[in-house]
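Single-structure report; data block below.
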Amino acid sequence: MSQRRKVAASQGKRAALENDGGEDVSFTQPTSSQLQRARDNFTSVQVDHKAAEVVQFILIKDQKKIPIRRTDIAKHIVKEYRAVYQDIMVRVGLIFERVFGMELVEIDTKSHTYILINKLEPTTEEPLSLNPKIGLLFVVLSVIFMKGGVIKEAVLKNTLKKLRVDFEERHDEFGDVKKLITEEFLRQKYLEYTRVPHTDPPEFEFRWGIRAEKEVSKLKIIELVGQLHNQDPQIWTQQYREATSQSSQSSQRS
Amino acid sequence: MSESRRRVNRELQADVGDQQNGMAGRSRVERGPEMAEDDDAGAGPSGVREDEDDNPSHRREIRSKYRDLINSVQQNREDMLNPANSKLTDVLEEANKLFVDVSQAREAVLDSQLLVLATDLGKEKANQLQAEGSLFDPAAYAEHLLSFMGFNRLEDEDDNDEELTGFLPSDSWQRLAKRASGCFRTAPSFHYMLGSFLSEPPQPKQRVERQRKAPSNEANRIMPLQLKKMEESHQEATEKEVERILGYLQGYFEKDPTLPISYYEFVIDATSFSRTVENIFHTSFLIRDGLARIYLNEEKIPCIAPVDGEGDAAMSASRQQCVISISPKSWREIIDAFQITGALIPAQNVLQQETQMEETRLLLSKDV
Chain P
0 MSQRRKVAAS QGKRAALEND GGEDVSFTQP TSSQLQRARD NFTSVQVDHK AAEVVQFILI
60 KDQKKIPIRR TDIAKHIVKE YRAVYQDIMV RVGLIFERVF GMELVEIDTK SHTYILINKL
120 EPTTEEPLSL NPKIGLLFVV LSVIFMKGGV IKEAVLKNTL KKLRVDFEER HDEFGDVKKL
180 ITEEFLRQKY LEYTRVPHTD PPEFEFRWGI RAEKEVSKLK IIELVGQLHN QDPQIWTQQY
240 REATSQSSQS SQRS
Chain X
68 MSESRRRVNR ELQADVGDQQ NGMAGRSRVE RGPEMAEDDD AGAGPSGVRE DEDDNPSHRR
128 EIRSKYRDLI NSVQQNREDM LNPANSKLTD VLEEANKLFV DVSQAREAVL DSQLLVLATD
188 LGKEKANQLQ AEGSLFDPAA YAEHLLSFMG FNRLEDEDDN DEELTGFLPS DSWQRLAKRA
248 SGCFRTAPSF HYMLGSFLSE PPQPKQRVER QRKAPSNEAN RIMPLQLKKM EESHQEATEK
308 EVERILGYLQ GYFEKDPTLP ISYYEFVIDA TSFSRTVENI FHTSFLIRDG LARIYLNEEK
368 IPCIAPVDGE GDAAMSASRQ QCVISISPKS WREIIDAFQI TGALIPAQNV LQQETQMEET
428 RLLLSKDV
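Residue numbers (my numbering), protein chains in the order written: chain P, 0 to 253; chain X, 68 to 435.
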């Protein structure tokens with residue numbers, strides 16, 4: 000037991016040394032001597048306790064699927080334990096992985112925001128909570144992916160219109176569709192909505208957001224699209240190649 | 068075309084250099100009216116065409132033609148992007164021709180603006196070329212999705228599918244979501260299995276908005292002191308009484324909404340002092356919960372009226388408290404003054420009444 004703690008401690012120290020300071024004013028990384036002193040101040044039990052609190056905090060914050068900021072974690076939970084923040088986060092990552100089967104991913108190293116993704120493979124059973132927005136999101140993401148990674152807003156609008164989903168009108172199930180797609184999905188980092196330069200009136204285009212990159216399996220998407228078309232997904236050679244390369248990358252990582 | 072551009076660049080520098088010698092600057096420009104027809108502006112008869120250059124109407128014409136071109140590019144964007152035609156190239160050729168006459172910075176700026184637009188379009192067209200190879204058509208995809216989602220076509224539909232006829236069953240998006248959820252590795256949302264509840268009483272600040280909650284939950288300071296003890300011992304009975312009284316109040320008001328009810332007339336029971344005190348006590352609950360309000364009428368006599376709940380927020384902002392005390396002597400005086408004979412709130416249970424009477428008397432004697 001103590002060995003594991005020592006390993007975690009040394010990892011934490013290394014991480015602290017590698018991090019360059021001066022990110023947020025309220026969160027400068029401590030030097031290794033400060034870190035050692037801080038570590039002596041808090042017992043391992045206390046740090047474990049704090050880690051458990053952080054886990055609860057993240058679980059609840061993740062309900063809305065909006066990325067969680069490190070400043071929020073520091074301000075509300077970690078507070079005076081800030082010096083050993085790295086240690087806490089190492090334990091938090093372990094807890095998520097071993098107890099919940101989830102992974103805490105830092106999606107933005109500059110502003111330090113995290114998301115939770117599921118490390119386990121999705122089962123074939125019925126999912127517990129079914130949100131119809133997933134269906135809409137799937138359509139948007141699959142169209143973007145099959146069209147090479149970027150689409151114009153007009154293309155998306157036309158496609159959705161054929162599915163009886165209109166940006167301008169209120170949909171029975173989704174409500175304000177434009178808001179859902181351009182704001183909510185954007186804030187959850189499923190989509191990116193950028194402006195095309197030199198256009199007047201301004202036009203926008205859609206790309207996959209960083210949460211989509213981490214959470215969504217391109218291979219599964221292209222397989223599903225193939226099933227819907229009743230065709231072998233390999234006929235779309237370029238996209239298929241991209242999908243298989245993504246899955247091989249992730250299998251290398253894990 | 069690049070040669071003429073170099074010429075213009077030099078000329079621009081010359082313009083900046085010597086503003087005074089306009090003539091000298093422009094003398095370097097070699098131009099001829101025949102060149103307007105030629106695509107290749109490299110070689111041509113040299114000659115100073117100062118009249119042409121100084122001619123403001125000619126320049127205006129050039130500028131307006133440029134603006135037309137720019138507009139046409141912007142408006143017909145989709146058209147230009149269509150790989151089937153060469154409209155973009157035509158525009159570029161037009162621009163070339165126009166550029167031959169350009170000698171001033173203003174027109175050159177317009178020309179460069181047009182070029183920027185055209186190159187953007189060119190880049191998009193090139194992107195399209197790449198995508199074409201993958202043969203994915205969103206329109207066909209939408210059709211496949213519709214059939215998966217169980218789309219029903221209406222019976223008497225024409226071949227023309229431009230108008231959106233037919234309808235999707237209500238669970239169609241759910242069906243798609245179920246199928247698509249396998250593609251996502253979303254972390255499941257965290258919820259307490261058995262729900263959650265607030266275990267501590269809310270702070271005083273929030274109390275102002277939460278007046279609708281049952282009185283038992285809140286540790287309240289607005290309530291008069293004597294009522295606290297009563298509440299703990301006979302909570303259920305109190306609530307029932309309060310509701311009963313509210314019923315009477317609303318009943319009287321329904322019968323005649325315009326006639327205000329005098330507060331004293333309402334609470335006083337001419338036959339029993341203790342009953343009166345109970346009534347005062349119960350109506351104070353109504354007031355505190357915002358279900359009734361006391362106000363002074365024109366003669367400065369307090370009247371009571373029920374509140375239908377919409378003015379809750381406004382009322383809670385202007386809450387006032389007062390403590391009402393009554394002694395048997397003043398009770399009798401009020402009966403005489405108002406000529407009260409009966410009781411607007413009929414008595415209910417004699418036994419309950421007596422036990423409550425005991426306690427009320429005890430508490431009141433403490434306060435006095």
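Ideal placement from N, C-alpha and C gives every residue a C-beta, glycine not left out. Please read these numbers as outputs of a predicted model, since none were measured by experiment.
Residue(s) in a DSSP beta bridge with residue i
| i | result |
| --- | --- |
| V149 of chain P | In DSSP, V149 of chain P forms no bridge with anything. |
| L115 of chain P | P:L103 |
| R68 of chain P | P:T112 |
| R360 of chain X | X:A372 |
| T253 of chain X | P:I116 |
| N219 of chain X | X:F234 |
| A410 of chain X | X:D336 |
Contact under 8 Å by Cβ, residue i with residue j
| i | j | result |
| --- | --- | --- |
| G134 of chain P | W240 of chain X | yes |
| I347 of chain X | I412 of chain X | no |
| L316 of chain X | I371 of chain X | yes |
| Q187 of chain P | S256 of chain X | no |
| L155 of chain X | A185 of chain X | yes |
| A73 of chain P | Q33 of chain P | no |
| F134 of chain X | L177 of chain X | The displayed chain sequence assigns Arg, not Phe, to residue 134 of chain X. Cβ atoms of R134 of chain X and L177 of chain X: closer than 8 Å. |
| V374 of chain X | A359 of chain X | yes |
| E202 of chain P | E152 of chain P | yes |
| D323 of chain X | A410 of chain X | no |
| K49 of chain P | V77 of chain P | yes |
| K217 of chain P | Q248 of chain P | no |
| E222 of chain P | P232 of chain P | yes |
| L213 of chain X | L179 of chain P | no |
| V91 of chain P | V138 of chain P | no |
| L129 of chain P | A247 of chain X | no |
| L188 of chain X | A162 of chain X | no |
| W235 of chain P | F203 of chain X | yes |
| F205 of chain P | L155 of chain P | yes |
| L103 of chain P | W207 of chain P | no |
| I106 of chain P | R210 of chain P | yes |
| Q438 of chain X | D199 of chain P | Nothing about residue 438 of chain X can be reported from this structure: the residues present for chain X run from 68 to 435 only. |
| F215 of chain X | L93 of chain P | no |
Residue environment, residue i, which counts as buried when at least 16 other CB atoms sit within 10 Å
| i | result |
| --- | --- |
| M260 of chain X | exposed |
| C389 of chain X | exposed |
| L119 of chain P | exposed |
| V176 of chain P | buried |
| N284 of chain X | Since pLDDT at N284 of chain X reaches only 49, below the 50 mark, its modelled position is unreliable, and no value is offered. |
| K64 of chain P | buried |
| E101 of chain X | At E101 of chain X, the pLDDT of 40 sits below 50, so the modelled position is not reliable and the matter cannot be decided from this model. |
| H349 of chain X | buried |
| I150 of chain P | buried |
| R97 of chain P | exposed |
| R93 of chain X | Per-residue confidence for R93 of chain X stands at a pLDDT of 43, beneath the threshold of 50, marking its modelled position as unreliable; the derived number appears in the next sentence. Classification for R93 of chain X: buried. |
| F251 of chain X | buried |
| Q85 of chain P | buried |
| S397 of chain X | exposed |
| Q264 of chain X | Reading the sequence as shown, one finds Phe at residue 264 of chain X and not Gln. Under this definition F264 of chain X is an exposed residue. |
| E425 of chain X | exposed |
| Y239 of chain P | buried |
| Q230 of chain P | exposed |
| V44 of chain P | exposed |
| F234 of chain X | exposed |
| R428 of chain X | exposed |
| E49 of chain X | This structure does not reach residue 49 of chain X, given that chain X is present from 68 up to 435, and the question cannot be answered. |
| L363 of chain X | exposed |
Contact list for the segment 245 to 260 of chain X against chain P, Cβ threshold 8 Å: K245, R246, A247, S248, G249, C250, F251, R252, T253, A254, P255, S256, F257, H258
Contiguous alpha helix (DSSP H) assignments of at least 4 residues, all confined to the segment 134 to 204 of chain X: 144 to 148, 154 to 167, 172 to 199
Uninterrupted alpha helix (DSSP H) stretches inside the segment 167 to 219 of chain P (no shorter than 4 residues): Correct list: 209 to 214.
Where the segment 342 to 360 of chain X meets chain P: residues whose CB sits under 9 Å from a CB there: none
Selection of the segment 167 to 197 of chain X by Cβ proximity to chain P, strictly under 8 Å: When C-beta distances to chain P are compared with 8 Å, the residues of the segment 167 to 197 of chain X below that value are V183, L184, D187, N194, Q197, in chain order.
Residues from the segment 139 to 155 of chain X in contact with chain P, defined by Cβ distance under 7 Å: Q141
Chain-ordered residues of the segment 204 to 218 of chain P with a beta carbon less than 7 Å from chain X: From the segment 204 to 218 of chain P, only E214, V215, S216 have a Cβ closer than 7 Å to chain X.
Near-chain P residues of the segment 208 to 219 of chain X - C-beta to any C-beta below 9 Å: Y208, A209, E210, H211, L212, L213, S214, F215, M216, F218
Against chain X: residues of the segment 126 to 149 of chain P by CB proximity under 9 Å: P126, L127, S128, L129, N130, P131, K132, I133, G134, L135, L136, F137, V138, L140, S141, V142, M145, K146, G147, V149
Every unbroken alpha helix (DSSP H) inside the segment 306 to 363 of chain X [4 residues or more]: 330 to 334, 340 to 355
Chain X contacts from the segment 177 to 193 of chain P (Cβ-Cβ distance under 8 Å): none
Residues from the segment 78 to 104 of chain P in contact with chain X, defined by Cβ distance under 7 Å: M101
Near-chain X residues of the segment 57 to 76 of chain P (beta-carbon distance less than 7 Å), N- to C-terminal order: L58, I59, D61, Q62
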